[in-house]
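Numbers given in our numbering equal positions in the sequence shown, counted from 1, plus 647. Below is one structure, written out as structure tokens; comments come after it.
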Amino acid sequence: MPADRDVLLSARDLHKAYQLGRVDVSVLRGASLEVGRGEFLAVMGRSGSGKSTLLHVIGALDPPDRGSVTLDGQDVFRMPPRGRERIRNRDIGFVFQFYHLLPELNLLENVLVPGMVGRSLTAWVRQRRGLRRKAIELLEKLGLEHRLQHRPRELSGGERQRVAIARALLNEPRLLLADEPTGNLDRASGKAILDHLVELNDGGQTIVMVTHDADVAALAHRCVHLKEGQVTSRHDPRDAERPVQSVSRR
Ligand SMILES: Nc1ncnc2c1ncn2[C@@H]1O[C@H](COP(=O)(O)OP(=O)(O)O)[C@@H](O)[C@H]1O
Ligand SMILES: [Mg+2]
648 MPADRDVLLS ARDLHKAYQL GRVDVSVLRG ASLEVGRGEF LAVMGRSGSG KSTLLHVIGA
708 LDPPDRGSVT LDGQDVFRMP PRGRERIRNR DIGFVFQFYH LLPELNLLEN VLVPGMVGRS
768 LTAWVRQRRG LRRKAIELLE KLGLEHRLQH RPRELSGGER QRVAIARALL NEPRLLLADE
828 PTGNLDRASG KAILDHLVEL NDGGQTIVMV THDADVAALA HRCVHLKEGQ VTSRHDPRDA
888 ERPVQSVSRR
């Protein structure tokens with residue numbers, strides 16, 4: 648566990664259930680988690696164990712039934728909705744397994760979406776040029792500078808995911824959350840995405856990545872498991888086909 652002053656995110660005793668017809672499916676049952684500033688944390692767990700649910704809750708996308716999430720000491724579900732929206736938009740970047748790009752927008756426009764959301768029209772007009780420059784810079788860094796005007800459908804899966812990473816980084820979030828970012832990619836494209844995440848983390852970006860793949864999790868500094876609605880740091884060999892080889896890549 649990171650020392651107190653280095654904690655960026657702290658999730659405590661999260662509970663969450665979904666109602667399916669008359670049945671309550673209890674997904675999170677007292678899950679707690681701390682993420683240190685600058686840390687690259689992997690969250691593993693079987694399909695259906697609640698990894699995406701946990702990520703949505705710590706990313707302030709979805710409230711828990713019980714428990715708290717604090718980012719830099721701010722309790723995100725105890726603040727007015729506007730404050731929470733601001734945190735979600737400015738301080739947290741999301742990368743999803745299926746990219747979630749807007750098909751009618753080109754790459755540059757897709758990356759600029761978080762720059763428009765949550766800004767007033769005047770602020771957007773004032774900051775547009777700077778944000779555009781930043782978006783181009785990010786796309787260059789991710790090797791897509793020659794595709795700015797292309798639509799997502801003209802790209803491979805790996806390229807789409809790189810656009811999604813650029814979009815997630817536009818507002819320079821304190822925390823980057825990635826939900827099975829390589830889950831839909833072939834090995835080579837997946838490796839390129841992971842190399843980018845490692846490089847970002849080396850530059851100081853805090854990352855929480857959900858994966859069910861032990862080889863992918865091995866790139867993180869630390870790996871925790873979600874099982875029966877709780878987060879454990881102990882490795883249970885039955886949770887993965889292969890044990891996690893290493894929690895350190897340095
Ligand atoms: N919006 C929802 N409504 C009802 N059930 C859901 C919803 N989202 C997830 N679930 C259920 O919660 C459980 C955990 O899902 P999820 O968090 O997506 O797991 P994972 O990402 O580990 O595969 C699953 O049983 C899933 O069917
Ligand atoms: Mg999932």
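Using N, Cα and C, we set each Cβ at its ideal position, and we do this for glycine too.
{"Check": "Beta-carbon gap between R794 and L785 smaller than 8 Å", "Outcome": "no"}
{"Check": "R684 versus V855, D862, S880, residue with shortest Cα-Cα distance", "Outcome": "V855"}
{"Check": "As assigned by DSSP and simplified to three states, the class of G677", "Outcome": "strand"}
{"Check": "D826 beta carbon near ligand 2 (any heavy atom closer than 7 Å)", "Outcome": "yes"}
{"Check": "beta-carbon S679 near ligand 1 non-hydrogen atom, thresh 7 Å", "Outcome": "no"}
{"Check": "L667 CB to nearest heavy atom of ligand 1 below 7 Å", "Outcome": "yes"}
{"Check": "Any non-hydrogen atom of ligand 1 closer than 7 Å to S699 Cβ", "Outcome": "yes"}
{"Check": "Segment limits, beta strand (DSSP E) that includes D826", "Outcome": "822 to 826"}
{"Check": "Among L675, R821, G677, L680, nearest to G740 - alpha-carbon criterion", "Outcome": "R821"}
{"Check": "Burial state of P750, where buried means 16 or more other Cβ atoms lie within 10 Å", "Outcome": "exposed"}
{"Check": "Proximal residues to L614 (C-beta, below 8 Å), its chain only, five neighbours per side dropped", "Outcome": "Since the displayed the chain opens at 648 and closes at 897, residue 614 lies outside it and no answer follows."}
{"Check": "beta-carbon V672 near ligand 1 non-hydrogen atom, thresh 7 Å", "Outcome": "yes"}
{"Check": "Three-state secondary structure (DSSP) of D660", "Outcome": "strand"}
{"Check": "Alpha-carbon to alpha-carbon, A782 and A813", "Outcome": "7 Å"}
{"Check": "Between the CA atoms of V742 and L876 - distance to the nearest angstrom", "Outcome": "The sequence as given places Gly at residue 876; Leu does not occur at that position. One C-alpha to the other measures close to 23 Å."}
{"Check": "Local Cβ density within 10 Å of S880, reported as buried at 16 or more and exposed below that", "Outcome": "exposed"}
{"Check": "Per DSSP, cross-strand counterpart(s) of T879", "Outcome": "H872"}
{"Check": "Proximal residues to R731 (C-beta, below 6 Å), its chain only, five neighbours per side dropped", "Outcome": "A707, V723"}
{"Check": "Sequence-distant residues of the same chain with beta carbon closer than 7 Å to R798, five excluded per side", "Outcome": "P750, N753"}
{"Check": "Delimiting residues of the beta strand (DSSP E) encompassing R691", "Outcome": "It is worth fixing the name first, because residue 691 is Met in this sequence and not Arg. Unbroken beta strand (DSSP E) run through M691: 687 to 691."}
{"Check": "Proximity of D660 and R713 at Cβ, strictly below 8 Å", "Outcome": "yes"}
{"Check": "Span of the beta strand (DSSP E), counted from its first residue to its last, around M856", "Outcome": "853 to 857"}
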